[in-house]
Amino acid sequence: MLKTEELQINIGPQHPSTHGVFRMLVTVDGETIMDLKPVFGYLHRNHEQIAEQNTYLQNMPYTDRLDYFNSMANNHAYALAVEKLVGIEVPERAEYIRVLMVELTRILNHAGALGFLINDMGMWQTQLAFGMREREKILDLFESASGARLMCNYFRFGGVARDLPADFMPRLADLLKAMPGFVDEMERLLRDNEILMQRSEGIGILPRDLALAYSVTGPVLRGSGVAYDVRKAEPYSIYDRFDFDVPVGSVGDVYDRFLVRVEEMRQSRRIIEQIVAQLPDATGSHINPKARQNVKPPVGDVYGRVESPKGELGFYLVSDGSGKPYRYKVRAPSFINLTPLGDMCRGYKVADVVVILGSIDIVMGEVDR
Amino acid sequence: MPRLNAEELRARLSRDLPGAVLANTPLQVSAPPAHGPQPAKLTSADTLVDPTQIVAAATYLRDTLGYAFLSDIAVVDYLVEDIFELVYRFYNVEGGPALALKIRVPRDVPEVPSLTPAWPGANFHEREAFDLYGITFIGHPFLRRIYMWDEFEGFPMRKDFPRQGDKYIGEDE
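If you read the sequences in order, they're chains D and A. Quick note: the first sequence uses numbering that gives the first Met the number 0, first residue 0, plus one each step. Quick note: the second sequence uses numbering that gives the first Met the number 0, first residue 0, plus one each step.
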């Protein structure tokens, strides 16, 4: 009988598979994980404190820097919260443009996330290059509309900063035409690979009741079999007009979370197709011309939330009647989704930790704030 | 599962947990100016509960009303009123808007019973509140700083935390 001893090791903070500066304090017995504690804060800049010194509009570009993969979704949540606080109406056309951008963001995020996930499993670079190739096409569209690829700063209170350029819709049509093939290809890359299936099936199981107790959101929660999507549960913007499904997993393992993301890309494409059909008939312009940008909301508190690609993103704002928020709180999905990481990794091997972390899909800009 | 609004929640709570619900009095957000018009006070329709009853009220929301999803815990520092207000936001996974529970604790003894033993999802929310506001959650299994380093003194999100300068520079001199 071999005598073993428990050992504490650090994974990170400087490690290529931690998706940023993120440390995991791991207790191992041989190759088996006995305990795991996530340690973070290396990127902490007290986002909320800085935001409380800014005016409401100054915070719009600052929200881009939370989840820098999905600046449009961050903009949307913040704009919704401020509009609710001030009482600003959004024209129909602006709503369509917003949802179009946010759904493109979801495709972009999932393409990148799945690429990184399979990268973490050891299929070095191939899948990542495929995902990034599609992401580039969407980023080009963002650039044509907003002027920036990543930090879009496209949303304004009451609409979006500028209308879509003339060549936007034809380019979008090209993208949509090529998209089903790309998504199928991405799914096949995992499904047809025996090694990758063994690395993902039955790994990192998060059961349904535990997922709920741990307050995880987004694809992680849906992968565990809870059909909870803010777009359906409490429709905001114009999501009640679109026909789409909420995919759910059954086991709650890495593979389920992968499949949920693949299916969400298909559903986002469905929503975008409906937008393309309905956008020409939408009334109003890209922004409410009466909406002031240097807002001074009345005294009150408000919580605005959206289904960002990573989960529920919410902003809790308290106004004291001045031009700066008295309290600005971000409910960051990546941050809360990390809570069950220790339970998800316990009992698996060291190499699985990297895959499980990849399947949660975190962005440290949002975790550390 | 019934979808409740704040008023129905207050009625249910005062029936089943007597003494838990407090009157949600308006709050003065910022210091009133020496002259000129007085700013309005913050009024809220959300349910204010007794801090000692927060675990019972949250468990009631989860087990009896089906609001099993604890989404967010936010702390607000009302310096003029000399209190911290904590906002707990619960959702029903079947859908519908949130039910919010608010509690108020004095700024000099900010002690709140922890939800983490009953609700593991509250773990990081409470550690964040402890780190940035110095709220002590009694019963939390691992109440350590989550963003700032362990040796850091002070709570950077409090409204009386110095915004200028860094007392750590030149401290040794």
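Just so you know, even glycine gets a beta-carbon here, dropped at the ideal spot from N, CA and C.
Residue range of the alpha helix (DSSP H) that includes residue i
i: residue 294 (chain D); result: Run containing residue 294 (chain D): none; DSSP gives neither H nor E here.
i: residue 360 (chain D); result: Neither: residue 360 (chain D) is in no alpha helix (DSSP H) and is coded neither H nor E.
i: residue 239 (chain A); result: It is not possible to answer for residue 239 (chain A), since the shown part of chain A is limited to 0 through 172.
i: residue 328 (chain D); result: Segment 324 to 330 is the beta strand (DSSP E) holding residue 328 (chain D); no alpha helix (DSSP H) there.
i: residue 58 (chain A); result: 53 to 62
i: residue 1 (chain D); result: First-last for residue 1 (chain D): undefined, no H or E at that position.
Boundaries (first-last residue) of the beta strand (DSSP E) holding residue i
i: residue 163 (chain A); result: Here residue 163 (chain A) belongs to no beta strand (DSSP E), and DSSP marks it neither H nor E.
i: residue 343 (chain D); result: Unbroken run through residue 343 (chain D) is the alpha helix (DSSP H), 340 to 344; no beta strand (DSSP E).
i: residue 37 (chain A); result: Element bounds for residue 37 (chain A): n/a, residue is neither H nor E.
i: residue 306 (chain D); result: 299 to 307
i: residue 137 (chain A); result: 135 to 137
i: residue 89 (chain A); result: 82 to 90
i: residue 130 (chain A); result: Premise fails: residue 130 (chain A) lies in the alpha helix (DSSP H), 122 to 132, not in any beta strand (DSSP E).
i: residue 316 (chain D); result: 310 to 318
i: residue 422 (chain D); result: The question about residue 422 (chain D) has no answer here: the residues shown for chain D are numbered 0 through 368.
i: residue 347 (chain D); result: Where residue 347 (chain D) is concerned, there is no enclosing beta strand (DSSP E), given that its DSSP letter is neither H nor E.
i: residue 76 (chain A); result: 68 to 77
i: residue 7 (chain D); result: 5 to 10
i: residue 112 (chain A); result: 110 to 112
Rounded Cβ spacing between residue i and residue j (contact assumed at less than 8 Å)
i: residue 118 (chain A); j: residue 276 (chain D); result: Actually they are not in contact, since the Cβ atoms of residue 118 (chain A) and residue 276 (chain D) sit about 44 Å apart, beyond 8 Å.
i: residue 112 (chain A); j: residue 51 (chain A); result: 7 Å
i: residue 214 (chain D); j: residue 248 (chain D); result: Between residue 248 (chain D) and residue 214 (chain D) the Cβ distance is about 18 Å, and since that is not below 8 Å, they are no contact.
i: residue 156 (chain D); j: residue 78 (chain D); result: 6 Å
i: residue 59 (chain A); j: residue 15 (chain A); result: 6 Å
i: residue 236 (chain D); j: residue 330 (chain D); result: Actually they are not in contact, since the Cβ atoms of residue 236 (chain D) and residue 330 (chain D) sit about 18 Å apart, beyond 8 Å.
i: residue 123 (chain A); j: residue 314 (chain D); result: Contact doesn't hold; Cβ gap of about 18 Å is too wide.
i: residue 302 (chain D); j: residue 80 (chain D); result: 7 Å
i: residue 95 (chain A); j: residue 232 (chain D); result: 7 Å
i: residue 171 (chain D); j: residue 140 (chain D); result: 6 Å
i: residue 38 (chain D); j: residue 8 (chain D); result: The Cβ separation is near 13 Å, so there is no contact.
Residue i CB to nearest heavy atom of the ligand NAP below 7 Å
i: residue 195 (chain D); result: This structure does not include the ligand NAP; it has no bound ligands of any sort.
The stretch 116 to 129 of chain D / the stretch 344 to 364 of chain D touching (three or more Cβ pairs under 8 Å): yes
Against chain A: residues of the stretch 306 to 323 of chain D by CB proximity under 9 Å: 311, 313, 315, 317, 318, 319, 320, 321
Any 3 or more C-beta pairs closer than 8 Å across the stretch 4 to 12 of chain A and the stretch 330 to 338 of chain D: Segments in contact, no.
Every unbroken alpha helix (DSSP H) within the stretch 74 to 159 of chain D, with a cutoff of 4 residues, ordered by chain: 91 to 120, 125 to 145
The stretch 202 to 219 of chain D touching the stretch 181 to 193 of chain D, judged by at least three CB pairs closer than 8 Å: no
Contact set between the stretch 56 to 82 of chain A and chain D, restricted to residues whose Cβ is under 7 Å from the partner: Correct list: 67, 68, 69, 70, 71, 73, 75.
Residues, ordered as in the chain, of the stretch 104 to 123 of chain A that lie near chain D by beta-carbon distance below 7 Å: 118, 119, 120, 122, 123
Residues of the stretch 20 to 36 of chain A whose Cβ lies closer than 8 Å to any Cβ of chain D, in chain order: Those residues of the stretch 20 to 36 of chain A that come within reach of chain D (Cβ to Cβ, closer than 8 Å) are 28, 29.
Cβ-based contacts, 8 Å cut-off: residues of the stretch 227 to 253 of chain D near chain A: 227, 231, 232, 233
Three CB pairs or more closer than 8 Å across the stretch 94 to 112 of chain D and the stretch 64 to 72 of chain D: yes
Alpha helix (DSSP H) runs contained entirely in the stretch 16 to 79 of chain D, provided each spans 4 or more residues: 46 to 52, 58 to 63
Chain A contacts from the stretch 324 to 347 of chain D (Cβ-Cβ distance under 9 Å): 325, 326, 328, 330, 334, 335, 337, 338, 339, 342
Segment contact, 8 Å Cβ cut-off, at least three pairs: the stretch 312 to 320 of chain D with the stretch 289 to 302 of chain D: yes
Validate contact between the stretch 39 to 57 of chain D and the stretch 323 to 330 of chain D using beta carbons, cut 8 Å, 3 pairs: Touching, yes, given that three or more Cβ pairs across the two stretches are closer than 8 Å.
Positions along the stretch 89 to 103 of chain A whose CB lies within less than 9 Å of some CB in chain D: For the stretch 89 to 103 of chain A, which is checked against every Cβ of chain D, the residues closer than 9 Å are 90, 91, 92, 93, 94, 95, 96, 97, 99.
Touching by the beta-carbon criterion (3+ pairs, under 8 Å), the stretch 75 to 88 of chain A and the stretch 104 to 111 of chain A: yes
Contact the stretch 6 to 19 of chain A vs the stretch 46 to 62 of chain A: 3+ CB pairs below 8 Å: yes
Three or more C-beta pairs below 8 Å linking the stretch 12 to 24 of chain A and the stretch 282 to 289 of chain D: no
Segment contact, 8 Å Cβ cut-off, at least three pairs: the stretch 217 to 233 of chain D with the stretch 246 to 265 of chain D: yes
Contact list for the stretch 34 to 50 of chain D against chain A, Cβ threshold 7 Å: 40, 43, 45, 47, 48
Selection of the stretch 145 to 160 of chain A by Cβ proximity to chain D, strictly under 7 Å: 145, 146, 147, 155, 156
Near-chain A residues of the stretch 71 to 87 of chain D (beta-carbon distance less than 8 Å), N- to C-terminal order: none
The stretch 56 to 63 of chain D contacting the stretch 143 to 161 of chain D, beta-carbon criterion three pairs below 8 Å: yes
Contacting positions in the stretch 208 to 226 of chain D - beta carbon closer than 7 Å to chain A: 211, 212, 213, 214, 225
Residues within the stretch 271 to 302 of chain D neighbouring chain A, beta-carbon criterion of under 9 Å: 297, 298, 299, 300, 302
Near-chain D residues of the stretch 38 to 49 of chain A - C-beta to any C-beta below 9 Å: 38, 39, 40, 41, 42, 43, 45
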